[in-house]
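In this note's numbering, the protein residues as written are 42 to 295. All C-beta atoms, glycine included, are put in the ideal place defined by N, C-alpha and C. This one's a predicted model, so the numbers in the text were calculated from it and none came from an experiment. A short write-up of the structure that comes next.
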Ligand code: UDP
């Protein structure tokens, strides 16, 4: 069997060379990290669920005209994606105060924001992903003003769509993180949504009880972490291929 070339290994995913030029295979691991790698653990079945949840959301976003890197899901833990040049920014969209925003300004978690807030963070593990302004982004050449306008308008469209989608299944979309990439096609560059959208990078609270159904259960040792990810998938109408017992998925990787 030929071994695939490993392009990059991140905290929750591995990227392999894809079957055709310009494609990559995104493999979802069960590994979880928090607080800039200080907390490490495994959430059994997370990779399988995030692969399915992200597929579901990327396909839906594609249907409303949001360009994404997603091509198709290959198996329980892998999806085929277009190879893009990742813009080194984390674009965070917030609807309700939580996490670092609550801490930074001393505002209670759960406070509804009068309008959605977009923040940018520079992707750097060594620096702990510092928050940056548009001035930093353009001065340091991470993105042009046009790129920023495009990411901002895509982020707001994605937020409007996902707010409604999650509300329909009884979940409040508190905040989430997006990553974008540049896709080059016939001498043209397009900015597309990349990475993943899953409970690893969204805060999702039950509409009635405010129960947290996302990675905060791992970050804050709230227990029932696997169950929370399963519940998000269940509400979205996604089930594991081989039934609930199949959550773990294949444990071998090429
Ligand atoms: N987030 C993420 N990766 C990061 C930082 C944040 O996916 O490296 C997500 C996080 O899951 C949450 C949102 O971005 O949905 C806002 O996170 P926040 O700034 O509140 O930071 P945190 O409390 O996670 O440190």
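Run the CB neighbour count on residue 137, radius 10 Å, all protein chains shown included, and call it buried at 16 or more, exposed below.
Buried, because 16 or more other Cβ atoms sit within 10 Å of the Cβ of residue 137.
Rounded to the nearest angstrom, how far is the Cβ of residue 61 from that of residue 48, given a contact under 8 Å?
In fact, because the Cβ distance is near 14 Å, the residues do not count as touching under 8 Å.
Do the segment 87-95 and the segment 68-75 touch if we need at least three Cβ pairs shorter than 8 Å?
The answer is yes - the segment 68-75 touches the segment 87-95, with three or more Cβ pairs under 8 Å.
With DSSP collapsed to three states, give me the class of residue 79.
Residue state, collapsed to three classes: coil.
Confirm, please, whether the CB-CB distance from residue 63 to residue 302 is below 8 Å.
No answer is possible for residue 302: it lies beyond the span of the chain, which begins at 42 and ends at 295.
Please write down, chain order preserved, every residue whose beta carbon lies under 6 Å from a heavy atom of ligand 1.
Taking each Cβ in turn, the ones that pass are 131, 133, 139, 140, 141, 142, 170, 216, 217, 218, 242, 243, 244 and 256.
DSSP puts residue 172 in a beta bridge; with which residues?
Answer is 162.
If you draw a straight line from the alpha carbon of residue 135 to that of residue 173, how long is it in whole angstroms?
Their Cα atoms are separated by approximately 16 Å.
Please state whether DSSP places residue 117 in a helix, a strand or coil.
In this structure, residue 117 counts as coil in the three-state DSSP scheme.
Have a look at residue 214 and residue 207 and give me their C-alpha separation to the nearest angstrom.
So the alpha carbons of these two residues sit roughly 7 Å apart.
Alpha carbon to alpha carbon, how far is residue 142 from residue 99?
Roughly 26 Å separates the two Cα atoms.
Decide if residue 240 is buried, meaning its Cβ has at least 16 other Cβ atoms within 10 Å, or exposed.
By the neighbour-count rule (16 or more Cβ atoms within 10 Å), residue 240 is buried.
Is residue 236 near residue 220, with beta carbons less than 8 Å apart?
Taking 8 Å as the Cβ cut-off, residue 236 and residue 220 qualify as a contacting pair.
Just list the residues that DSSP pairs residue 68 with in beta bridges.
55 and 119.
Mind checking residue 259: buried by the 16 CB within 10 Å criterion, or exposed?
Classification for residue 259: buried.
Taking the alpha carbon of residue 129 as the reference point, which residue from 244, 181, 157 and 153 has its own alpha carbon closest?
Of 244, 181, 157 and 153, the residue nearest in Cα terms is 181.
Starting from residue 247, trace the beta strand (DSSP E) in both directions and tell me its first and last residue.
Unbroken beta strand (DSSP E) run through residue 247: 243-247.
Where DSSP assigns a beta bridge to residue 222, which residues make up the other side?
According to DSSP, which records beta bridges pairwise, residue 222 is partnered with 127 and 233.
Within the same chain, show all residues whose beta-carbon is closer than 6 Å to that of residue 114, passing over the 5 residues directly before and after it, in chain order.
These residues qualify, in order along the chain: 96 and 120.
Tell me the DSSP secondary structure of residue 62 in three-state form.
DSSP places residue 62 in coil when its eight states are reduced to three.
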